[in-house]
Amino acid sequence: MSRLIRIFDTTLRDGEQSPGAAMNLDEKLMVAKQLARLGVDIIEAGFAYSSPGDFEAVRRIAHEVEGPTICSLARARPEDIDRAWEALKGAPKVRIHTFISTSDIHLKHQFRLTREQARQRAVEMVARARGYVEDVEFSPMDATRSDPKYLYEVLEAVIAAGATTVNIPDTVGYAAPQEFGRLIRGIRENVPNIKKAVISVHCHNDLGVAVANSLAAIVEGAGQVECTINGIGERAGNASLEEIAMGLRTRKDFYGADTRIVTEEIVKSSRLVSKITGMVVQPNKAIVGANAFAHASGIHQDGLLKEKTTYEIMRPESVGLNKSTLVMGKLSGRHAFKQRLEDMGYKLADDELNKAFERFKRLADQKKEVYEEDLEAIVAEELQTIPETYRFKSLHVESGTDMTPTARIELEIDGKVAQQTGTGDGPVDAAYRTIAAMTQTKSTLLTYAVKAITGGTDAQGEVMVKVEEGPKTVTGHGADTDIIVASAKAYLNALNKIAYWKSRKDDAPKIHYI
Ligand code: KIV
Ligand code: ZN
Numbered sequence: 072m073s074r075l076i077r078i079f080d081t082t083l084r085d086g087e088q089s090p091g092a093a094m095n096l097d098e099k100l101m102v103a104k105q106l107a108r109l110g111v112d113i114i115e116a117g118f119a120y121s122s123p124g125d126f127e128a129v130r131r132i133a134h135e136v137e138g139p140t141i142c143s144l145a146r147a148r149p150e151d152i153d154r155a156w157e158a159l160k161g162a163p164k165v166r167i168h169t170f171i172s173t174s175d176i177h178l179k180h181q182f183r184l185t186r187e188q189a190r191q192r193a194v195e196m197v198a199r200a201r202g203y204v205e206d207v208e209f210s211p212m213d214a215t216r217s218d219p220k221y222l223y224e225v226l227e228a229v230i231a232a233g234a235t236t237v238n239i240p241d242t243v244g245y246a247a248p249q250e251f252g253r254l255i256r257g258i259r260e261n262v263p264n265i266k267k268a269v270i271s272v273h274c275h276n277d278l279g280v281a282v283a284n285s286l287a288a289i290v291e292g293a294g295q296v297e298c299t300i301n302g303i304g305e306r307a308g309n310a311s312l313e314e315i316a317m318g319l320r321t322r323k324d325f326y327g328a329d330t331r332i333v334t335e336e337i338v339k340s341s342r343l344v345s346k347i348t349g350m351v352v353q354p355n356k357a358i359v360g361a362n363a364f365a366h367a368s369g370i371h372q373d374g375l376l377k378e379k380t381t382y383e384i385m386r387p388e389s390v391g392l393n394k395s396t397l398v399m400g401k402l403s404g405r406h407a408f409k410q411r412l413e414d415m416g417y418k419l420a421d422d423e424l425n426k427a428f429e430r431f432k433r434l435a436d437q438k439k440e441v442y443e444e445d446l447e448a449i450v451a452e453e454l455q456t457i458p459e460t461y462r463f464k465s466l467h468v469e470s471g472t473d474m475t476p477t478a479r480i481e482l483e484i485d486g487k488v489a490q491q492t493g494t495g496d497g498p499v500d501a502a503y504r505t506i507a508a509m510t511q512t513k514s515t516l517l518t519y520a521v522k523a524i525t526g527g528t529d530a531q532g533e534v535m536v537k538v539e540e541g542p543k544t545v546t547g548h549g550a551d552t553d554i555i556v557a558s559a560k561a562y563l564n565a566l567n568k569i570a571y572w573k574s575r576k577d578d579a580p581k582i583h584y585i
């Protein structure tokens, strides 16, 4: 019998702290619903006190997403604990996660507290959280650079005060796997009441060993792992959920442990998070990279043709990477389209469905074969609820080796149709300069990436951009069989997000750790 390891997903909290990965409320809800389908045990939906946007995200996710326990982060301060409870109250399965540093470096330079003051604050805040909820997690931040003896004392005290999970963060990604495993063993052996709590780990990837550290901790008895989809997170990121889940599932013989993750949902979750955050997954990334299951060398291909297990330790289907399945064609009706989306896990409201169906029909006219990935791109755009201050209407570009690239763009701006022509270094540059002039944007384009959604020269191109204006960085994406049109849509999607954020009053900057 394998031991059950709980998966605590922090894509929406620590993952969202990645530069440029901020998500709006609808995007967070979409990700949270996918995490529920993926089978995670706990979703850290945000840090309720940090901003009105985070508060609302925690509240809506806690009330609307069924299955996982929903958690809010809270500093070890009364106002944070109270705010976390306000966001969570009334929801069925909730947790408050409170934290304070235990390393002398942090206590002296950042928190300006003595060890005793920090211990006392941790105990008081855990008790306060327990006054609201049964399920309380405590993290001694920078645990891996803390004096282990002091760490044991703090853990014993917070468990006595009611903490049901004690999470050991390698906040700065400093630990080595054997050393981190030893720390977990030390906690098991030296904290007298440790059996009353689940030991969790939370590893950052600064030295590239976040997953290795998490697995080493599982070997030493950790029962919960904190991780993110695609490993996104502060700096070099957090431990990647898909690597941990597949590591345990594939090597159950070695770890004797497994998770409840529905691994067939992994690729879909990865693509959704990448699309929403604009953080492209590197091709050689384990489990979800484009090349993760691609065998290029002749000798490997020869072996695979004879027997899959010669070079394949996991089946691509086990992570949801099915051979692109042809789903629909030109003659498919609205009912079949709706059914197909429901099978893929998307329930659209009637008006969204009508718009998505119209787009599907147009696509099916341009492209002989429409695959599941094409439908995902359509749905992702239709589910966008950012108001369209700038709406794409049409585009005409002329470009070639012996002429100045020119773009004529037609947009609807605040309900009025406008047209303008401009030039640039290439067709995309001409289109972007013209759009920038028409929308009078002061933003800067930081990144631009294009990829084909499926194979073939008639494939839809998907463009992701990252755009910065003042302190705000947003991502935009667009898909079309014409990559210049996809580029224009992606840029407008980003500009619409900036316009929306500017119009909102509740988008106060987030409070971070102290
Ligand atoms: O990395 C860290 O220490 C954290 C804590 C808030 C758990 O994210
Ligand atoms: Zn962290």
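Numbering of the sequence shown is given in this note's numbering, commencing with residue 72 and proceeding in unit increments.
Virtual Cβ for every residue (Gly too), placed ideally from N, Cα, C.
- Shown here, Phe209 sits in a strand according to DSSP, grouped into three states.
- The three-state reading of DSSP puts His366 in coil, since its state is none of H, G, I, E or B.
- Rounded to the nearest angstrom, the gap between the Cα atoms of Ser368 and Glu388 is 21 Å.
- In the DSSP assignment, Ile141 is bridged to Ile114, Val165.
- For the 8 Å CB-CB criterion, Met509 and Leu466 do not form a contact.
- The Cβ atoms of Ile332 and Gly110 sit closer than 8 Å to each other.
- Taking C-beta atoms under 8 Å as the contact rule, Leu319 and Ile76 qualify, at a distance of about 6 Å.
- In the three-state reduction of the DSSP assignment, Gly86 falls in the helix class, which pools H, G and I.
- If one requires a minimum length of 3 residues, the beta strand (DSSP E) runs lying completely within the stretch 293–366 are 295–298, in chain order.
- When Cβ pairs closer than 8 Å are counted between the two stretches, the stretch 399–410 is seen to touch the stretch 431–441, the count reaching three or more.
- Ala93 and Pro542 have their C-alpha atoms roughly 12 Å apart.
- When the beta-carbon positions are compared, Thr492 and Thr475 stay at least 8 Å from each other.
- Annotated three-state conformation of Ser271 is strand, per DSSP.
- Taking 8 Å as the cut-off, the beta carbon of Arg430 is found no closer than this to the beta carbon of Ile457.
- The secondary-structure analysis by DSSP pairs Met385 with nothing; it has no beta-bridge partner.
- In the three-state scheme derived from DSSP, where H, G and I count as helix and E and B as strand, Leu482 is classed as strand.
- Annotated three-state conformation of Lys543 is strand, per DSSP.
- DSSP places Ala520 inside the beta strand (DSSP E), whose first and last residues are 515–523.
- Remark: C-beta atoms of His275 and Glu313 do not approach each other more closely than 8 Å.
- Between Glu205 and Ser271, the C-beta gap is not smaller than 8 Å, which leaves the two residues out of contact.
- Judged by pairs of C-beta atoms under 8 Å, the stretch 364–379 does not touch the stretch 133–145, as fewer than three such pairs exist.
- The beta carbon of Ala316 is closer than 8 Å to those of Ile78, Thr330, Ile332, Thr334, Ile337 in its chain, skipping five residues each way along the sequence.
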